[in-house]
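Let me begin by presenting the structure, written as structure tokens, before commenting on it.
In this note's numbering, the protein residues as written are 156 to 562.
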């Protein structure tokens with residue numbers, strides 16, 4: 156029965172006392188610091204639990220806030236309604252040693268790939284409450300589980316206040332780094348068929364070999380049903396086959412590079428088709444009858460709902476420094492016509508004579524719902540496919556950007 160009711164995540168916390176400690180140059184002190192924390196999706200973890208944060212300074216009445224569980228779309232709002240207070244306590248001065256703020260009553264939970272903002276503030280009068288640094292690098296701290304990013308310092312004695320302590324000017328200072336420690340634990344996923352690809356290559360080889368042995372009549376495993384093999388793998392830790400975070404990270408990079416190369420090849424194929432069509436008169440931007448067309452202005456459009464700002468795998472390219480860029484400019488065409496893709500709906504429409512309003516030869520008006528609805532479906536399906544191609548084109552010339560924006 157246990158084999159049929161396998162757990163999907165561990166019921167214990169691994170590495171309960173992992174400490175993410177930042178650099179400490181003691182550049183500044185003021186009222187507060189706000190910064191993003193991202194949970195990585197390299198290892199097969201279900202979630203990370205942040206149990207405490209540690210800071211130093213004059214401290215005083217401290218509060219800790221975290222962004223609510225909502226889609227932030229790459230932006231951290233400065234509005235108080237988007238934040239939740241999870242800690243409040245007064246502490247004495249501690250300029251040399253870090254003072255731990257226990258969050259175990261309301262820990263911060265991060266899913267793989269999720270980003271949350273953390274805001275630590277003190278209402279102590281003056282400018283010595285919390286120590287923080289100037290931004291020194293792209294990532295304040297980076298390990299196998301978490302990435303701490305630079306954020307903003309706050310110079311107002313009021314949480315989320317817009318007026319600094321001297322009464323005029325801006326209350327937030329950009330490009331500042333959190334100074335202190337974050338203690339957290341990681342809860343891992345357990346192997347299940349649906350989670351197979353989240354594990355390392357060596358663990359996946361173990362699962363494959365077990366099932367190969369089970370299929371051989373001379374093997375002792377042949378007497379076990381599939382559910383028993385599932386249960387055995389479910390009880391194995393992800394690193395028992397000596398998979399490491401570095402190996403899994405490199406494997407993911409190779410998969411991203413392969414995907415990028417595939418998309419680039421598809422983009423080149425579509426561009427070549429467009430050039431060939433232009434040479435045969437395909438640059439004509441008009442038509443009659445039941446023809447629809449989609450303009451692809453040299454790959455610079457935003458078909459498929461793409462806003463043109465989001466880049467593909469920018470973070471991964473920042474990490475490995477292997478961004479593949481094509482510095483060669485495209486050859487100028489002999490003419491100035493854009494590439495046009497024609498979507499011929501006549502054959503499909505001709506088979507839908509029942510869709511016509513009348514049989515008096517009216518070919519311009521159709522019953523609704525009817526053929527026109529399917530024109531839209533075909534058009535949207537084509538735009539969806541074209542968006543992947545445009546995405547590949549942007550990869551060639553993309554540049555890294557800041558991961559998060561403040562609003």
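Where is the CB? At the ideal position from N, CA and C, for every residue including glycine.
Run of the alpha helix (DSSP H) containing residue i, from where it starts to where it stops
i	result
residue 391	Premise fails: residue 391 is in no alpha helix (DSSP H) and is neither H nor E.
residue 362	356-369
Span separating the alpha-carbon of residue i from that of residue j
i	j	result
residue 397	residue 357	7 Å
residue 256	residue 214	11 Å
residue 637	residue 336	Any property of residue 637 remains undetermined from this structure, which presents the chain solely from 156 to 562.
residue 380	residue 352	22 Å
residue 238	residue 500	51 Å
residue 267	residue 364	29 Å
residue 278	residue 413	52 Å
residue 217	residue 254	11 Å
residue 425	residue 535	17 Å
residue 282	residue 360	57 Å
residue 176	residue 274	17 Å
residue 236	residue 321	25 Å
residue 262	residue 345	22 Å
residue 333	residue 378	57 Å
residue 286	residue 294	18 Å
residue 196	residue 392	17 Å
residue 284	residue 401	38 Å
residue 325	residue 288	18 Å
Bounding residues of the beta strand (DSSP E) (the contiguous stretch that carries residue i)
i	result
residue 249	249-257
residue 223	No beta strand (DSSP E) contains residue 223, which DSSP labels as neither H nor E.
residue 336	336-343
residue 326	Per DSSP, residue 326 belongs to no beta strand (DSSP E) and is neither H nor E.
residue 308	306-309
residue 632	Since the first residue of the chain shown is 156 and the last is 562, residue 632 is not available in this structure.
Of the residues the options, the one placed nearest residue i, counting alpha carbons only
i	options	result
residue 234	365, 399, 317 and 380	317
residue 270	300, 244 and 241	300
residue 530	542, 211, 323 and 498	498
residue 247	210, 232, 240 and 230	210
residue 240	230, 260 and 252	260
residue 302	174, 525, 532 and 503	174
residue 182	163, 212 and 199	212
Paired residues, beta bridge with residue i - DSSP
i	result
residue 276	187 and 218
residue 265	203
residue 287	183 and 333
residue 237	Its beta-bridge partners do not exist; DSSP assigns none.
residue 193	270 and 302
residue 542	The partner list for residue 542 (beta bridge, DSSP) is empty, contrary to what the question assumes.
residue 243	218
residue 209	255 and 336
Is there contact between the stretch 333-342 and the stretch 191-210, where contact requires at least three CB pairs shorter than 8 Å?
Yes: the two stretches touch, three or more of their Cβ pairs being nearer than 8 Å.
Could you tell me whether the stretch 186-193 touches the stretch 302-319, using the rule of 3 or more Cβ pairs below 8 Å?
yes
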